[in-house]
Structure formats: structure tokens, C-alpha cells
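Here is the structure we will look at.
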Amino acid sequence: DGNAPEGAASVVYFILKINSRAQTEEKLGAILEKIARVESKPVADYITQYRFDEDLSFNICHLPVRHLAAKIFGSLFSVLDEHYYVVLDNYLVFSGSVEALKSLINDFILNKTLKNEPAFKEFRDNISPRYNLVFYCNLSKSQPFFSSYLTASLNKAWQQNLGVFRNIQVMGMQLNASN
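Just so we're aligned, residue 6 is where the sequence shown starts under our numbering, counting upward by one.
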């Protein structure tokens, strides 16, 4: 999260491009209805309405399935424990809290998005427009995220060389499936 203060807990977003906002909201709404029925709660208990201003509001929904992304996509996504989501234009965005999504919505509305960052524009200009998965991060702020995937000696080396990592602005990876 580019807006997280130094030393603050990192915020993780899992963003999926969708083809149909209406269909996505319908399918996820049906899942929420089933969960609510099983847990004997009203669906409204899983929805937080975030009012950006008088004319614009968003439904932030909670899918109460711990480590859902990891169960679907593997352990790389285990950093996301709780799953709150919002649909923004043609994107389904998951994060670990309502507050994280409110912050993202504010940035989205104010056009303070990754696609407008010069470093990301340069990265995007150097990858193929066809991909299945893109991983992009600010390496200087990513040690807490990567620490659970590294051995103790690699974590120690990372800590000892934080100055070097702070000079590496971004890191990215693109994966393509081929027939």
C-alpha cells in the first residue's frame, strides 16, 4: 500500500478484472445469501455501505471464509486472511478490512491509482498486454509480506541490506498460460 505510513502494517489488495459488474455482483450476492442462511443471519450483516459523498456510495461485503484466496489460488495468497470485497468499475477488489477498501475507494475516486504512477506506467509499457497474472510490488515496503516465504538466513540478509532494497523502487512478474 503506497499510502501506508512507514512502519504501519501493510495492506494487501487482491484485484481481479471482471467482464460483467452485474454478473459478478449477482453471483457474489447469491453466495452471501447462502452464507447468511447457513449462519442464520440477515445478508445486511455482511454488507457495509460506504458513502463517499451524497451521490456516491459503495457496498463493501464480507465473505466470512478464512484464507479464501489461498484455498483457491495457493499459499502465495495466504497473506489475505479475511476477505472483504468491493466492485469498482470492471474490477473485483478483495482486502483484509473495510478500512483498507475505503482507503482504496477514496484513491480510486480521486484518480490516485497505480495506473497513474510513473513507475507502474514504465513497468506496464515493458510487459506483454496478454497475461493471466501480474504481480507488482514496492520492494522497499515488501519485507513483511515476503518474510513468511523466506528462510531465516534470507530474512536476516534482507534486514541487513534494507538500504539496498529501499533503492529498488518496484518489482514485478508476469505469468502467461500457453496452450
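Just so you know, even glycine gets a beta-carbon here, dropped at the ideal spot from N, CA and C.
Top-ranked residue by Cα proximity to residue i, from the options
i, options, result
"residue 139", "21, 164, 115", "21"
"residue 90", "81, 108, 120, 126", "108"
"residue 169", "146, 51, 119", "146"
"residue 77", "46, 19, 120", "19"
"residue 56", "82, 103, 117", "103"
"residue 105", "29, 47, 53, 40", "53"
"residue 60", "32, 114, 73", "114"
Residue i, DSSP secondary structure in three states
i, result
"residue 143", "coil"
"residue 56", "strand"
"residue 120", "helix"
"residue 65", "strand"
"residue 189", "The requested residue 189 is not part of the displayed model; the chain covers only 6 to 184."
Residues near residue i in its chain [Cβ-Cβ closer than 6 Å; skip 5 each side]
i, result
"residue 68", "88"
"residue 51", "37, 66, 67"
"residue 144", "170, 173, 176"
"residue 75", "82, 83"
Rounded C-alpha distance that separates residue i from residue j
i, j, result
"residue 142", "residue 66", "25 Å"
"residue 128", "residue 174", "11 Å"
"residue 111", "residue 122", "16 Å"
"residue 27", "residue 37", "15 Å"
"residue 43", "residue 49", "14 Å"
"residue 17", "residue 149", "11 Å"
"residue 23", "residue 137", "13 Å"
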